[in-house]
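Protein chains in written order, with this note's numbering: chain X, 1 to 355; chain Z, 356 to 710.
Each remark here refers to the structure printed beneath this line.
2 protein chains.
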Amino acid sequence: MKKILGIALASAALLGSSIATAAEIELKLAHTWPKGFPIFATSVDDYAEMVGEMSDGRIEIKVDSRNKHKAAFGIFDFVKNGQYDIGQSASYYYGGKDPDTLFFTTMPFGMTALEQYAWFHEGGGLELANEVYAKHNIEVMTGGNTTMQMGGWFRDEIKSIEDLKGLKMRIPGFGGKVMAGVGAVPTNIPPGELYQALERGTIDALEWVGPSLDLRMGFHKIAPFYYTGWHEPSTELMYFFNKEKMDSLPAWASSILLNAAKLTGFNMTLQSQHESSENWAAMKSEYPNIEVKNFPPEVIEALRKSNNDLITAEESRSPLAAKIVASQSDYLKKVRRWTEIGDWSYLSNVANQAK
Amino acid sequence: MKKILGIALASAALLGSSIATAAEIELKLAHTWPKGFPIFATSVDDYAEMVGEMSDGRIEIKVDSRNKHKAAFGIFDFVKNGQYDIGQSASYYYGGKDPDTLFFTTMPFGMTALEQYAWFHEGGGLELANEVYAKHNIEVMTGGNTTMQMGGWFRDEIKSIEDLKGLKMRIPGFGGKVMAGVGAVPTNIPPGELYQALERGTIDALEWVGPSLDLRMGFHKIAPFYYTGWHEPSTELMYFFNKEKMDSLPAWASSILLNAAKLTGFNMTLQSQHESSENWAAMKSEYPNIEVKNFPPEVIEALRKSNNDLITAEESRSPLAAKIVASQSDYLKKVRRWTEIGDWSYLSNVANQAK
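Dropping the structure here:
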């Protein structure tokens with residue numbers, strides 16, 4: 001260290017001594033999940049810790065779960081109004097606040113995690129998200145991916161599109177609308193009642209996440225058919241920052257807050273990948289009769305048509321919606337050609353033969 | 356901000372005023388690449404900038420490329436000896452220094468980028484790397500992935516294992532040894548002479564990276580067969596930190612240095628993914644006759660056998676080598692089962708039908 005810093009270092013020591021008392025910048029964060037909820041909520045606790053560490057205690061983030069603030073889907077408003085400085089949730093929960101928030105989590109038949117991350121950070125996706133959120137005094141950053149979500153647990157095999165007609169399935173959001181378009185009956189049931197509803201036949205099927213979070217729900221014990229994914233190929237959580245607050249912070253602080261959010265998201269994605277791999281092995285070993293199924297091609301085609309109709313309606317809603325749909329669709333086309341000659345060819349031609 | 360911080364804030368302002376003069380912590384970094392080399396070197400410049408920003412100028416990193424230090428493969432020694440505090444390179448370049456460094460970049464028939472990242476950060480991979488590097492006074496962090504590397508550019512189609520016998524190919528490192536095991540002749544040629552060597556038939560084939568970095572080399576203009584990947588499914592660069600120096604730094608500084616390295620690596624991976632997608636589209640549009648080929652199954656099987664023989668030799672070398680090989684092999688088996696029902700099923704059953 002340079003001598004010229006003698007005074008500054010003494011001052012820094014003084015600053016250090018005050019850290020135990022109070023941080024320079026104190027921020028409040030609200031997330032959607034129950035306290036300690038695996039992966040989704042624990043990664044937010046990791047975020048607060050990382051920010052504290054990197055800032056040498058100059059930034060302190062107080063994290064509130066829904067147990068505290070009681071409004072799982074109130075994060076958008078909390079951050080918009082400055083009741084909280086930061087939020088972590090999923091963008092697609094806030095279609096009621098602004099329909100364009102729909103596009104920034106995952107889309108049926110859309111990009112995989114690595115493809116979508118490239119779109120967000122290299123293909124203009126995050127800029128588009130911030131164009132939408134700036135209207136609400138919010139700045140956003142990617143917050144972590146579940147990786148591929150499975151198509152869900154079904155009590156009976158789906159052999160044709162007829163088997164979906166009248167099928168009662170817990171599948172919320174846009175995926176639920178796509179399902180409704182082919183005659184299924186999407187229902188919403190609180191998480192705590194899902195197991196019993198599936199067991200008693202109140203519903204015929206449900207989707208939750210993937211092995212990472214499905215294992216502890218126990219659905220594999222009562223619904224033996226595990227369908228592969230189509231409706232949420234890369235569900236991304238999001239950090240929300242009150243824009244006014246963010247703009248008032250010094251550059252180093254907003255840099256730490258944004259970079260730590262992005263890194264926490266990456267860490268969460270790896271944890272999802274890891275837990276899915278561990279939990280899938282555990283499920284298969286405990287319940288070897290689980291059958292992994294792909295939906296038959298005719299079912300996929302019907303779902304794709306239903307999805308396309310809904311997307312067409314979305315993009316005709318506004319020029320901004322059309323711009324976002326075009327950006328995603330153009331990016332997907334290009335990046336998928338690369339995925340095909342890259343990872344997919346490897347997995348199909350080289351790796352799977354190692355089974 | 357709290358009133359109690361009045362004095363501390365005044366001191367912080369004083370600290371701020373000295374930043375323009377000199378940073379509190381000045382570090383030197385050396386990387387393997389030419390100055391400004393796309394993706395690999397530019398991401399290191401981004402790293403230095405990110406560290407400067409997040410530390411509010413308290414840490415300054417001076418980046419030297421090989422143009423300056425003249426030793427592309429000297430990074431390991433530079434950092435070990437403290438000539439540089441930080442390095443960025445690829446671990447597998449340093450097998451001559453310690454054969455166990457081989458395992459921490461990518462392995463033929465090994466994990467894809469997302470799988471390997473989960474192994475590094477959730478499956479114990481980084482701990483194993485640090486066990487190897489601690490013996491050399493080095494601490495490491497993942498530094499960015501190329502994503503899938505292609506099998507290379509071939510002047511002629513490979514129809515059987517016979518076509519590999521005597522084939523002269525630029526393919527360095529472990530992949531080259533695997534190739535030698537099936538009768539090919541791996542050669543090493545300086546990058547600047549590769550195009551001419553391939554054009555004149557001095558070599559019959561070469562591998563470089565993937566579309567992200569292959570486009571500017573122009574190989575697609577002279578060797579029409581682009582083979583899909585097998586030998587480097589997820590090439591990861593690495594940051595090296597002088598351990599003594601790192602241990603002497605305050606916790607906030609080492610936290611910024613490590614987290615910024617990990618995030619820079621993630622950013623580099625997304626850039627590789629993006630550039631591969633853009634560049635592959637450009638190549639195909641300019642040279643529509645490029646043929647993407649999978650090696651025939653018998654060739655893949657011969658390469659796999661050659662690879663297995665080499666790995667068996669590696670793991671019998673030492674208990675630590677055996678432990679690393681077992682960790683990778685166990686992790687791969689589990690995570691690949693998840694990839695199969697997750698991304699691979701989606702890409703095979705749902706997404707590819709959109710073509």
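Glycine is no exception: its CB is placed at the ideal position from the N, C-alpha and C atoms.
Please read these numbers as outputs of a predicted model, since none were measured by experiment.
Span separating the alpha-carbon of Z:Q551 from that of Z:Y439 | 36 Å
Buried/exposed call for X:G82, threshold 16 Cβ in 10 Å = exposed
Does the beta-carbon distance from Z:K648 to Z:E512 come in below 8 Å?
-> Contact annotation: Z:K648 and Z:E512 have beta-carbon atoms nearer than 8 Å.
Is it right to say X:R336 is buried, meaning 16 or more other beta carbons lie within 10 angstroms of its own, or is it exposed?
-> By the neighbour-count rule (16 or more Cβ atoms within 10 Å), X:R336 is buried.
So with Cβ pairs under 8 Å, would you call Z:L360 a contact of chain X?
-> Summary for Z:L360: the model assigns pLDDT 38, below 50, so the residue's position carries little reliability; its value from the coordinates is reported in the next sentence. Judged by the 8 Å Cβ criterion, Z:L360 is in contact with chain X.
Entirely within the region 370-447 of chain Z and at least 4 residues each: give me those alpha helix (DSSP H) ranges in chain order.
-> 397-409, 421-424, 430-435
Using CA coordinates, which residue listed in Z:L522, Z:H575, Z:F395, Z:K689 is at the minimum distance from Z:F621?
-> The shortest Cα separation from Z:F621 among Z:L522, Z:H575, Z:F395, Z:K689 belongs to Z:F395.
Determine, using beta carbons only, whether X:M283 comes closer than 8 Å to chain Z.
-> False, the Cβ-Cβ gap to chain Z never drops below 8 Å.
CA nearest to the CA of X:L167, picked from X:Q273, X:I203, X:D46 = X:I203
Would you mind telling me which residues of chain Z sit closer than 7 Å to X:H274, beta carbon to beta carbon, in chain order?
-> A473, E477, G478, listed in chain order.
Just to confirm, are Z:T456 and X:N349 a CB contact at a threshold of 8 Å?
-> In this structure, the beta-carbon distance from Z:T456 to X:N349 does not fall below 8 Å.
Give a yes or no on whether 8 Å exceeds the smallest Cβ distance from Z:A468 to chain X.
-> yes
Do the region 485-500 of chain Z and the region 325-336 of chain X make contact, defined as three or more Cβ pairs closer than 8 Å?
-> No, because fewer than three Cβ pairs between the region 485-500 of chain Z and the region 325-336 of chain X fall closer than 8 Å, the two stretches do not touch.
Return the chain-ordered list of same chain residues with a C-beta closer than 6 Å to the C-beta of X:I189, the five sequence neighbours on each side being excluded.
-> Taking C-beta separations shorter than 6 Å and ignoring five residues to either side along the sequence, the partners of X:I189 in its chain run R170, A197, following chain order.
Could you tell me whether the Cβ of Z:W508 comes closer than 8 Å to any Cβ of chain X?
-> no
Alpha carbon to alpha carbon, what distance is there between Z:W693 and Z:E669?
-> Cα to Cα, Z:E669 sits roughly 28 Å from Z:W693.
Z:S589 versus X:G183 - alpha carbon distance | Answer to the nearest angstrom: the Cα atoms are 42 Å apart.
Chain X contact residues for Z:R571, given Cβ-Cβ distances below 9 Å = What Z:R571 touches in chain X: nothing, since even the nearest Cβ is about 16 Å away.
Buried or exposed (CB count within 10 angstroms, at least 16 for buried), Z:T460 | buried
Determine the direct distance from the alpha carbon of X:P250 to that of Z:I696, and round the result to whole angstroms.
-> In this structure, the straight-line span from the alpha carbon of Z:I696 to that of X:P250 is close to 46 Å.
Nearest residue (CA-CA) to Z:K600, options Z:H575, Z:P527, Z:F433 | Z:F433
Which value, in whole angstroms, describes the spacing of the CA atoms of Z:Y594 and Z:I611?
-> 13 Å
Please report the residue range of the beta strand (DSSP E) in which Z:N500 lies.
-> 493-500
Is the Cβ-Cβ distance between Z:A445 and Z:G507 less than 8 Å?
-> no
Going by Cα to Cα distance, which pick from X:S254, X:P296, X:A113 is closest to Z:L408?
-> The amino acid occupying residue 408 of chain Z in the given sequence is Glu; Leu does not appear at that position. Looking at the Cα atoms, X:S254 is the closest of the given residues.
As assigned by DSSP and simplified to three states, the class of Z:V654 | helix
Taking only beta-carbon atoms, is Z:K532 less than 8 Å away from chain X?
-> no
From X:P172, X:D46, X:K165, pick the residue whose C-alpha is nearest to that of X:K35; which is it?
-> X:D46
Can you find a CB in chain Z that lies within less than 8 Å of the CB of X:N308?
-> no
Using a beta-carbon distance cut-off of less than 9 Å, what residues from the region 316-340 of chain X approach chain Z?
-> Hits within the stretch, in order: Y331, L332, K333, K334, V335, R336, R337, W338, T339, E340.
Using a cut-off of 8 Å between C-beta atoms, extract the partners of Z:G565 located in chain X.
-> G342
At a CB-CB cut-off below 8 Å, which residues of chain Z make contact with X:Y346?
-> T467, M503, T583, G584, W585, P588
For Z:P541, which residues does DSSP report across the bridge?
-> BP columns for Z:P541 point to Z:M524.
Which residue comes first and which comes last in the beta strand (DSSP E) that contains X:E244?
-> Taken as a continuous stretch (DSSP letters only), X:E244 belongs to no beta strand (DSSP E), being part of the alpha helix (DSSP H) at 243-248.
Name, please, each residue of chain Z whose Cβ falls closer than 9 Å to the Cβ of X:N137.
-> By Cβ distance, chain Z contributes nothing, its closest Cβ being about 22 Å from X:N137, past 9 Å.
Can Z:E486 and Z:P579 be called in contact, C-beta distance under 8 Å?
-> no
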